[in-house]
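The structure under discussion appears below in the form of structure tokens.
Number of protein chains: 2
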Amino acid sequence: MAASRKVTIADIARHVGMTNITVSRALNKPELVRPATRERIEQAALELGYVPNAFARGLKRSDSRLIGVVTASLDNPFYAEMIKAISRHAKQHDYAIMLFDTDSDPRLESTAIDTLLSYQAAGLILSPVSDEPDYQPDYLVRLKASDIAVVQLDRTLHDSGFSAVVLDNLWAGERVAHYLLEEALIAQRRTERDRLLVVAGPERSRITCERLEGVREALSAQAGEVTIDVLWGDYTLAPAVTQVRDYLGRHGVPRAIFGLNQLITLGALKALREAGIGRDQTCVVGIDRLPYLEIFDITVPCVVHDGYRAGAQALEQLLVQMRDPQAEVCTLTVRGELVT
Amino acid sequence: MAASRKVTIADIARHVGMTNITVSRALNKPELVRPATRERIEQAALELGYVPNAFARGLKRSDSRLIGVVTASLDNPFYAEMIKAISRHAKQHDYAIMLFDTDSDPRLESTAIDTLLSYQAAGLILSPVSDEPDYQPDYLVRLKASDIAVVQLDRTLHDSGFSAVVLDNLWAGERVAHYLLEEALIAQRRTERDRLLVVAGPERSRITCERLEGVREALSAQAGEVTIDVLWGDYTLAPAVTQVRDYLGRHGVPRAIFGLNQLITLGALKALREAGIGRDQTCVVGIDRLPYLEIFDITVPCVVHDGYRAGAQALEQLLVQMRDPQAEVCTLTVRGELVT
DNA sequence: CTGTTAGCGCTTTCAT
DNA sequence: ATGAAAGCGCTAACAG
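Residue numbers (UniProt numbering), protein chains in the order written: chain A, 1 to 340; chain B, 1 to 340.
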């Protein structure tokens, strides 16, 4: 309420008849101060409503207790899960999170990185707006020149040289494709070639390429019997809906539809529903769990990844690199699991 | 890669043969510097990879471009939506977000606030772990003593004296109850008293009380015909499931079940499903949208609130108060909409 | 155990 | 249009 010029350690020092440094010590390294004085100081700090100034401290000892998280979207529940894990674990190690939702805008990503650098963030968990090879953001040099630890999560830059925690995308694609072969009867009625529709992310996205590669490998032996059609999108719901709608209009119902992430799969399901095509007319599979559907007895077979674990691992790796800047760059791969 | 002692404005100054202050000005108030010099300075800054030090700046001018967001959970999609809005709008005004997920732990909430104060955050959007009257956190004094602008979001502290953006909970409860009366045939078969099961949050939670109050008002004329049973929980899924399961075992299937938030409603549905009770045997209604269900043709009538709008309003209000510390404390109410 | 000194990087006077 | 000096709040490094 009161105007209250900010209370500093000097105020406390005056209050208890000591000098700044003693107060500083009492508050930060209590063991270096006589218990009696310490208590008086702590008491005074409380009374005066002292709040340490992170800027002053950060300026002096150029290290911060800040970890930056830069992600393309909070909408995606999979990302929300990873962020939850990061946040929880960061807290345990006494780091605060500075979160940037870049909204898929490369410029916002760039300013986010700069802000983090200016705040001397100790570490950065980065999931860039794009994992296409020609996305080579200009902030990379600055990031490299700084001594901030960096771990990429899920999406990775090409040749960035930073550590990463990624999903086993090849495996996921393969696994789903095998499931289709074995369980969902693809390529088992020989009257005509089966069509598998894969609804993907951007054409050059690494994640999309890897997942597709997995599909192709799994189906390579069936090359004569299965045609793979691919629709390119951007991992969000809306384009998936319109694209699938369009495809259905043009080519009819394929034998199976594979959505390369959660939102895409939902989009495909939506398009099917709009077109009045029942779940029994085609087989829909995906990557990432569709939340809560089990409650309604709806099953969409999919490879699910443990986002919480991925986030936690990213943070662990980051801590390792923060402790030891020489630590080897490494890529951890999180493998999913088929849930039918 | 290089060792790279940090580049400061002094380095730039040396590089271009000017003094610190000129460099500072060139970078912050370009109009005060001759265009030629300015360009040379900007050029040098780029070359040397200069990154401004937010701590030094913050220390000097005690204002920051930081807005803190403290919330009990990122799990809740409704909160994720609000945070998305906050983040997007903050960015537009050139503020960075410092996000704290308190995991419903009051101590974490308290340290989050202290961290924000120490970082001189310009504003704080707070959704505390509890909105029960006896939750009077100790950080309140510090918050009041500081000059940080505060806006509460959704959950509010009792008598805190801070502005807030809240939902029209009374209306939501009323609206759903009226729907039950009019459409869902509650109190229309007179053979026996109808039972309405409300699955709520904590017993003393303001939001729960308000929503319940709405229900009671709406049904007051039917006091003789409708019994309202209430189960207390904590707005999360798991307890809702077990409580409803238990209730069903004890009292059988009620005429209708009203989940006071999204996760609770899902929990109730899950319990019903586990008990093998079909959607036709009771009427389930809720507050907050159950995402994506329309894709599967599942409808759960509910009052939905626009989380994005609520978040955006909270940030707007915060900006108002940051600009004018004298601005009047105010409470904005966001009304939902019944979706059937 | 406590104090002195000095300086982190930047910006605000007030001069020139 | 540019510069000199001073200081924001805090903490290393060295004394005592």
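Each residue gets a CB set at the ideal place from its N, CA and C atoms; glycine is no exception. Nothing here was measured: the structure is a model prediction, and the numbers come from that model.
Under the rule that a run must span 3 or more residues, the beta strand (DSSP E) segments found entirely inside the stretch 259 to 304 of chain A read 283 to 287, 302 to 304. Listed by position along chain B, the residues whose Cβ is nearer than 9 angstroms to that of I298 of chain A are F296, I298. Q136 of chain B and L157 of chain B have their C-alpha atoms roughly 7 angstroms apart.
Taking the Cα positions, E182 of chain B is about 41 angstroms away from D246 of chain A. At least one CB of chain A lies nearer than 9 angstroms to the CB of M98 of chain B.
With a beta-carbon spacing of about 4 angstroms, L318 of chain A and G123 of chain A fall inside the 8 angstroms limit used to define contacts. Chain B places a beta carbon closer than 9 angstroms to that of N53 of chain A, counting this residue as a contact. Nearest to V300 of chain B by C-alpha distance, out of B:V198, B:L153, B:V339, is B:V339. A straight line joining the alpha-carbon of D101 of chain A with that of I287 of chain B spans about 27 angstroms. Interface flag for G307 of chain A against chain B is unset, since no Cβ pair is found closer than 9 angstroms. Contact between Y179 of chain A and V285 of chain A is confirmed by a C-beta separation of about 7 angstroms, below the 8 angstroms threshold. Leaving aside the five residues that flank G58 of chain A on each side, the residues in its chain whose CB is nearer than 7 angstroms to its CB run, in chain order, S64, Q120. Judged by DSSP in its simplified three-state form, S87 of chain B adopts helix. Proximity to T331 of chain A across A:D168, A:C209, A:P291, A:K60 peaks at A:D168, based on C-alpha coordinates. Separation of T71 of chain A and Y235 of chain A (C-alpha to C-alpha, rounded to the nearest whole angstrom) is 14 angstroms.
The count of Cβ pairs closer than 8 angstroms, one atom from the stretch 311 to 329 of chain A and one from the stretch 303 to 314 of chain B, stays below three, leaving the stretches out of contact. Counting every other CB atom within 10 Å of its CB across the protein chains shown gives N28 of chain B a total below 16, marking it as exposed. The continuous alpha helix (DSSP H) containing Q317 of chain B extends over residues 307 to 323.
In the three-state DSSP reduction, I67 of chain B falls in the strand class (E or B). One alpha carbon belongs to R273 of chain B, the other to L315 of chain B, and they sit about 40 angstroms apart.
Under the 9 angstroms criterion on CB atoms, G49 of chain A is classed as interfacial with respect to chain B. Exclusion of the five residues before and after V230 of chain A leaves V198, A200 as the residues of its chain whose Cβ lies within less than 6 angstroms of its Cβ. At a cut-off of 9 angstroms, the C-beta of A164 of chain A has no neighbouring C-beta in chain B. Per DSSP, reduced to three states, the secondary structure at M18 of chain B is coil, with no helix or strand assignment. Your pair E174 of chain A and G214 of chain A checks out as a contact, with CB atoms roughly 4 angstroms apart and the cut at 8 angstroms.
In this structure, S205 of chain B sits near S130 of chain B, with a CB-CB distance shorter than 9 angstroms. For a cut-off of 8 angstroms, the C-beta gap from Y50 of chain B to V7 of chain B is around 5 angstroms, short enough to register as a contact.
According to the DSSP assignment, Q43 of chain B belongs to the alpha helix (DSSP H) that extends over 35 to 48.
Secondary structure of F162 of chain A (DSSP, three-state): coil. Using a Cβ-Cβ cut-off of 7 angstroms, L266 of chain A is close to Y292, I295 of chain B, given in chain order. For L170 of chain B, no CB of chain A lies under 9 angstroms from its own CB, so it is not counted at the interface with that chain. Here T227 of chain A is bridged, per DSSP, to A:R195. According to the DSSP secondary-structure assignment, V151 of chain A is paired through a beta bridge with A:I125, A:S163. Shown here, A256 of chain B sits in a strand according to DSSP, grouped into three states. Remark: C-beta atoms of F78 of chain B and I298 of chain A do not approach each other more closely than 9 angstroms. D101 of chain A is bridged by DSSP to A:T71.
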